[in-house]
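2 protein chains.
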Amino acid sequence: MDRTACETMVETWVTAFGTALNRPDIDRVLDLFEPEGFWRDLSALTWNVYTAEGHDAIRAMLSACLAEIAPTAWKIDQVLGSSDGIHQALLSFKTRAACCSAVLRLRGGRCWTLLTAVTELIGFEETTRQRRTNGAPLRYEPGRPDWRTERDRQKAELGVTQQPYCVIVGAGQAGLGLGARLKQLGVPTLIIDKRERPSDTWRERYATLSLHSPVWYDHMPYLPFPETWPRFASKDRVADWLDAYAMIMELDIWTGADCVGSQYDEALGAWRLSIIRGGRPIELRPAQLVLATGFWDAPYVPDIPGRDRFGGRQLHVAEARELGQCGGLRSIVIGAGTSAHDIAAQLWEAGANVTMIQRSPTIVTRIDTLLPAVEIYDTDAAAPKPPTELADLLAASIPNRLMPQFQAPFIAAIKAKDAAFYEGLRKAGFLYDFGEDGGGFFTRGMQDPSGFYIDMGASELIIDGRIAVRSGVSVDTIRERSVVLSDGAELPADFIVYATGYRRLAQAGAILSSEIIDKLGPIGGIGSGVRSDHGPWAGETRNVWKPTRQPGLWFHNGNFGLMRFFSRVLALQIKARQTGLPTPVYGLA
Amino acid sequence: MDRTACETMVETWVTAFGTALNRPDIDRVLDLFEPEGFWRDLSALTWNVYTAEGHDAIRAMLSACLAEIAPTAWKIDQVLGSSDGIHQALLSFKTRAACCSAVLRLRGGRCWTLLTAVTELIGFEETTRQRRTNGAPLRYEPGRPDWRTERDRQKAELGVTQQPYCVIVGAGQAGLGLGARLKQLGVPTLIIDKRERPSDTWRERYATLSLHSPVWYDHMPYLPFPETWPRFASKDRVADWLDAYAMIMELDIWTGADCVGSQYDEALGAWRLSIIRGGRPIELRPAQLVLATGFWDAPYVPDIPGRDRFGGRQLHVAEARELGQCGGLRSIVIGAGTSAHDIAAQLWEAGANVTMIQRSPTIVTRIDTLLPAVEIYDTDAAAPKPPTELADLLAASIPNRLMPQFQAPFIAAIKAKDAAFYEGLRKAGFLYDFGEDGGGFFTRGMQDPSGFYIDMGASELIIDGRIAVRSGVSVDTIRERSVVLSDGAELPADFIVYATGYRRLAQAGAILSSEIIDKLGPIGGIGSGVRSDHGPWAGETRNVWKPTRQPGLWFHNGNFGLMRFFSRVLALQIKARQTGLPTPVYGLA
Numbered sequence: 001m002d003r004t005a006c007e008t009m010v011e012t013w014v015t016a017f018g019t020a021l022n023r024p025d026i027d028r029v030l031d032l033f034e035p036e037g038f039w040r041d042l043s044a045l046t047w048n049v050y051t052a053e054g055h056d057a058i059r060a061m062l063s064a065c066l067a068e069i070a071p072t073a074w075k076i077d078q079v080l081g082s083s084d085g086i087h088q089a090l091l092s093f094k095t096r097a098a099c100c101s102a103v104l105r106l107r108g109g110r111c112w113t114l115l116t117a118v119t120e121l122i123g124f125e126e127t128t129r130q131r132r133t134n135g136a137p138l139r140y141e142p143g144r145p146d147w148r149t150e151r152d153r154q155k156a157e158l159g160v161t162q163q164p165y166c167v168i169v170g171a172g173q174a175g176l177g178l179g180a181r182l183k184q185l186g187v188p189t190l191i192i193d194k195r196e197r198p199s200d201t202w203r204e205r206y207a208t209l210s211l212h213s214p215v216w217y218d219h220m221p222y223l224p225f226p227e228t229w230p231r232f233a234s235k236d237r238v239a240d241w242l243d244a245y246a247m248i249m250e251l252d253i254w255t256g257a258d259c260v261g262s263q264y265d266e267a268l269g270a271w272r273l274s275i276i277r278g279g280r281p282i283e284l285r286p287a288q289l290v291l292a293t294g295f296w297d298a299p300y301v302p303d304i305p306g307r308d309r310f311g312g313r314q315l316h317v318a319e320a321r322e323l324g325q326c327g328g329l330r331s332i333v334i335g336a337g338t339s340a341h342d343i344a345a346q347l348w349e350a351g352a353n354v355t356m357i358q359r360s361p362t363i364v365t366r367i368d369t370l371l372p373a374v375e376i377y378d379t380d381a382a383a384p385k386p387p388t389e390l391a392d393l394l395a396a397s398i399p400n401r402l403m404p405q406f407q408a409p410f411i412a413a414i415k416a417k418d419a420a421f422y423e424g425l426r427k428a429g430f431l432y433d434f435g436e437d438g439g440g441f442f443t444r445g446m447q448d449p450s451g452f453y454i455d456m457g458a459s460e461l462i463i464d465g466r467i468a469v470r471s472g473v474s475v476d477t478i479r480e481r482s483v484v485l486s487d488g489a490e491l492p493a494d495f496i497v498y499a500t501g502y503r504r505l506a507q508a509g510a511i512l513s514s515e516i517i518d519k520l521g522p523i524g525g526i527g528s529g530v531r532s533d534h535g536p537w538a539g540e541t542r543n544v545w546k547p548t549r550q551p552g553l554w555f556h557n558g559n560f561g562l563m564r565f566f567s568r569v570l571a572l573q574i575k576a577r578q579t580g581l582p583t584p585v586y587g588l589a
Numbered sequence: 001m002d003r004t005a006c007e008t009m010v011e012t013w014v015t016a017f018g019t020a021l022n023r024p025d026i027d028r029v030l031d032l033f034e035p036e037g038f039w040r041d042l043s044a045l046t047w048n049v050y051t052a053e054g055h056d057a058i059r060a061m062l063s064a065c066l067a068e069i070a071p072t073a074w075k076i077d078q079v080l081g082s083s084d085g086i087h088q089a090l091l092s093f094k095t096r097a098a099c100c101s102a103v104l105r106l107r108g109g110r111c112w113t114l115l116t117a118v119t120e121l122i123g124f125e126e127t128t129r130q131r132r133t134n135g136a137p138l139r140y141e142p143g144r145p146d147w148r149t150e151r152d153r154q155k156a157e158l159g160v161t162q163q164p165y166c167v168i169v170g171a172g173q174a175g176l177g178l179g180a181r182l183k184q185l186g187v188p189t190l191i192i193d194k195r196e197r198p199s200d201t202w203r204e205r206y207a208t209l210s211l212h213s214p215v216w217y218d219h220m221p222y223l224p225f226p227e228t229w230p231r232f233a234s235k236d237r238v239a240d241w242l243d244a245y246a247m248i249m250e251l252d253i254w255t256g257a258d259c260v261g262s263q264y265d266e267a268l269g270a271w272r273l274s275i276i277r278g279g280r281p282i283e284l285r286p287a288q289l290v291l292a293t294g295f296w297d298a299p300y301v302p303d304i305p306g307r308d309r310f311g312g313r314q315l316h317v318a319e320a321r322e323l324g325q326c327g328g329l330r331s332i333v334i335g336a337g338t339s340a341h342d343i344a345a346q347l348w349e350a351g352a353n354v355t356m357i358q359r360s361p362t363i364v365t366r367i368d369t370l371l372p373a374v375e376i377y378d379t380d381a382a383a384p385k386p387p388t389e390l391a392d393l394l395a396a397s398i399p400n401r402l403m404p405q406f407q408a409p410f411i412a413a414i415k416a417k418d419a420a421f422y423e424g425l426r427k428a429g430f431l432y433d434f435g436e437d438g439g440g441f442f443t444r445g446m447q448d449p450s451g452f453y454i455d456m457g458a459s460e461l462i463i464d465g466r467i468a469v470r471s472g473v474s475v476d477t478i479r480e481r482s483v484v485l486s487d488g489a490e491l492p493a494d495f496i497v498y499a500t501g502y503r504r505l506a507q508a509g510a511i512l513s514s515e516i517i518d519k520l521g522p523i524g525g526i527g528s529g530v531r532s533d534h535g536p537w538a539g540e541t542r543n544v545w546k547p548t549r550q551p552g553l554w555f556h557n558g559n560f561g562l563m564r565f566f567s568r569v570l571a572l573q574i575k576a577r578q579t580g581l582p583t584p585v586y587g588l589a
């Protein structure tokens, strides 16, 4: 179909859609959707992160939301083109409270998928780009404080004489990115972190740790990584960046401040957070509390019999900052995910003899193969690319339910292109798969981001036999200088590294009462029913970036790209509450 | 003329031009230029920053350079359009050593102005954007150091066991921006600064100091200011930025290191720099020395009779960090340039009675009027704008000789648009003009960047009489509580601020021998023959960004925009020398 026909089709649909919503005529709206069509909403209609799947769900959502939200003024911003009979377009529209964006997929004249997302709150727009403030006065006024004086005053007062509206616990990339958004929106926000230098969470990890996603996917809000940066930044570079980012974004951070407990005061409509800062107890009373402490935050070491008797060196990969001399060390890496691969390769580089113990299959994807799958984000490419914000919208426009289906051609292509690579892994005894549902790396990420490896070179070492693998087994017993596997084999061992993952939400558990935790239900995962992501189906990541059953409690988490995008959705939900806008939540889990 | 006709004309010219150069047929090349045509070259042909004005100069330049440089492969990258019978195009070409860019202005089929500029050295391209390094290994190797270990090693060795190829004195925005370029080019460079925290040069200034140029003009190399920043950043924000920039760009900086003397060792082909670092003398032996210490680096206080007897408070504006209580203070600001305006307004805000003493006219331009003149840099604008690098090229494509002519319509428009504003200044007794040559702010900037003010609000205070002005006079005598003007008037005074400018090149004078300084001739200015910029005409800023008569000695200076652009030109000249490329300099002053 040529461009014009595609445009006409989109125009016809958008006009009919806008008319039906304005009337409102929900039956007519449903006529415009496929029976199994999807409407994913990011706080534009639902003040939630919610996907309505099929006519009944869409009808229920619209019945509840339309009157209050009144989406109107639908406009086509850009027709994005057609392929396989599917026409895509970028739309914009307004609600009573917000300017919103939408991504439409039409098929046979009806909507297959629609994404609606809040972009900015009317009257509370971010002062970025064209809307930058002047900074320096264009008009002098007696008593006007200069920037530094004002900044120092704010810093000194926040949390002391002025209660923050929002407290974010955790000053890693999650907390800082969200903090930057809230700063722009003028929400008094205090970020607290128990470490003296939060970026040390990165520095303390093993030496070869780097981002396994390309720099142009990982940009944080407002300040892209510099064009000089390598494609995959080392952990220490990321740490330096986070320190600089916090300063440049003027974030209010208390380091060395540990949140040791919390209580939600219904009468006050605010939290009472017990903070220990510099040895002294302080109570903070924010209306909103965001936990950005990471979901997998406490090293997990399995309680393998004999562990205490081991005569060599053993540590969890989280403690592997300094490996020291490894020449000739017989090293056992327990685990086969990302950190297991990284540390195994690092041990090999350091001269150790390395054996990886792999219990179950790993989703392995070669980095060269993965990059084209996210090339929409590649702002380095010579060909014109959408700005990162649009790329984010397009990525979000795929409903989670459809992710395996959208991934299928990509997975098929991987299997064909990298057949020799996978054959090499197979021959080396390494177990790989493409996830229980066959959706590979990307769907696994939504379900439970573990059990995968983006290959940055360790797979080659496995294929070549330089890293040995024992797969389909676990370690049953540890002896003084060996490990005994579940198949009865005994491997000599001088050094054991547990790349056995992390316990979830340890910090959240220390902060929140068990009553609240029980009320919340599962946190993270989408209820896909696969390993570590039990159902029922939720359609969206549970309790993350969206209202929870506990008023004033939020979780922020994800990879750099997801956090960049959803930090805005979350920040706008918080801003709306701060300004007293009505925020009726539809579809609270 | 329509687009196609313009394209055809450009194509015809470029084809003829390329053919004539290849032959080479200099007469034919000259046929393609207007008799008074300009060829500005930024180290593409001349390994210099040099403008050939007219046929004879172009002939001389080509006769000297063509054989060695061999510019070839001329291509039209973009036809930029036509106005007033002038067609502009962006070209690219190659020399033996480099990929280069060019900006062409055609008029009546012949070239009026041509800019040629080196873009990158073949084989030594920057690893930016599409050419980013991987950072993390895609292939592991035993003994490979991690990023932090390697970085720490470099830092520890540079200047100690490894001599830097280049030393930059001064870690302000000039030194850091150039340092970032050289880092990308792999030139071992040490930046030294006598301060413990170089950015304090910004922090120590008066509280209301801010950039008077918009944020999108001021971007430093590789890392644009964030989209959240105000249009005109406060000095303290700039200071924080410089600290972050140095870290993010991984620059090697010795702070608290004072260069107290130098000697060029001809036999060694290198400098012997005497450095005092932490109280200990160290000798550094770089091949290249760049002074980036600022041209106006020592506060100048005129020796007005009676100054010692003044019973009130007096200070140079450079020392005006803390003004303290000013309510009712009778304050005299001596001077009428930017810092005089800023400090006068700040005093007024602090409750002082302020009188500005203006000896000679000031070039005043309203910021709202100035912004459209640099709107080509406005990356915030909704309309598509060229990337900053192209905007820089276009700005550089105007030969300095033509600047007043290019500025004329803009100046005329200012006079018309802001007539009421200037009338207000006139009525308030304030002397303004548009520079000796009528070229206004921009031409003044090339001649001697002083005696101007981009109005950020102080002019309104003058117009309204809230800041008093005594103009056409100077202070003849200072008494215990008053100043006596050259017209005999006596003004009571509790506080005198000397906004009387700076002595030039004080640090350079302390570092370089007087023999070298004498050899160099004037530094800065273009020899326009106007006030503070004595002739003869040089065509280019003297001794800046280009080879000097002292081998291995360079000056780097300018506003943020000029430094961003010329830091590349300068860095590539240094890189070429480091790699041993032939760099025959044409037109050394």
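Read top to bottom, the protein sequences are chains A and B.
Residue numbers 1 to 589, in the numbering used here, belong to the letters of the first sequence in order.
Residue numbers 1 to 589, in the numbering used here, belong to the letters of the second sequence in order.
C-beta: ideal position from N, C-alpha, C; glycine also.
The structure displayed is predicted, hence computed values, not measured ones.
- Between residue 531 of chain B and residue 589 of chain B a beta carbon distance of about 21 Å is seen, past the 8 Å cut, so the two are scored as non-contacting.
- Take the alpha-carbon of residue 478 of chain B and the one of residue 228 of chain A: they are about 55 Å apart.
- Here residue 444 of chain B is not near residue 367 of chain B, since their CB atoms are 8 Å or more apart.
- One thing to note: residue 37 of chain B has its Cβ within 8 Å of the Cβ of residue 54 of chain B.
- One alpha carbon belongs to residue 47 of chain B, the other to residue 94 of chain B, and they sit about 14 Å apart.
- Assigned with DSSP and collapsed to three states, residue 326 of chain B falls in coil, not helix or strand.
- DSSP places residue 47 of chain A outside both helix and strand once states are collapsed to three, so it counts as coil.
- Note on residue 12 of chain B: under 16 other CB atoms within 10 angstroms of its CB, so exposed under the neighbour-count rule.
- Each residue's CA atom was taken as its position, placing residue 417 of chain A and residue 370 of chain A some 11 Å apart.
- Distance from the CA atom of residue 130 of chain A to the CA atom of residue 376 of chain B, rounded to whole angstroms, is 14 Å.
- Close to chain A, meaning a Cβ-Cβ distance shorter than 7 Å, are the following residues of the region 174 to 197 of chain B: 184.
- Judged by their CB atoms, residue 523 of chain A and residue 540 of chain A are not nearer to each other than the 8 Å cut-off.
- For residue 277 of chain B, there is no enclosing alpha helix (DSSP H); the enclosing beta strand (DSSP E) has its first and last residue at 270 to 277.
- In terms of Cβ geometry, residue 121 of chain B and residue 112 of chain B do not form a close pair [threshold 8 Å].
- Within the same chain, Cβ atoms closer than 7 Å to the Cβ of residue 354 of chain A are found at 331, 333, 344, 347, 348, 467 and 468, the five residues on either side in sequence being excluded.
- None of the residues of the region 505 to 523 of chain A has a beta carbon lying less than 9 Å from any beta carbon of chain B.
- By DSSP's assignment, residue 264 of chain A forms a beta bridge with A:271.
- Sequence-distant Cβ neighbours of residue 29 of chain A in its own chain, meaning closer than 8 Å and more than five residues away, are 17, 20, 21, 58 and 62.
- Check the Cα spacing between residue 220 of chain B and each of B:389, B:324 and B:198: the tightest is with B:389.
- In this structure, B:192 is the residue among B:359, B:237, B:192 and B:213 with its C-alpha nearest to the C-alpha of residue 277 of chain B.
- Taken in chain order, the whole beta strand (DSSP E) runs of length 3 or more contained in the region 380 to 447 of chain A number zero.
- Here DSSP, grouped into helix, strand and coil, assigns residue 313 of chain A to strand.
- The Cβ of residue 234 of chain A sits closer than 8 Å to at least one Cβ of chain B.
- For the C-beta of residue 367 of chain B, the chain A residues within less than 8 Å are, from N- to C-terminus, 138.
- Taken in chain order, the members of the region 115 to 135 of chain B whose beta-carbon sits within less than 9 Å of a beta-carbon on chain A are 126, 127, 128, 129, 130, 131, 132, 133, 134 and 135.
- Counting along the chain, residue 455 of chain A sits inside the beta strand (DSSP E) bounded by residues 452 to 455.
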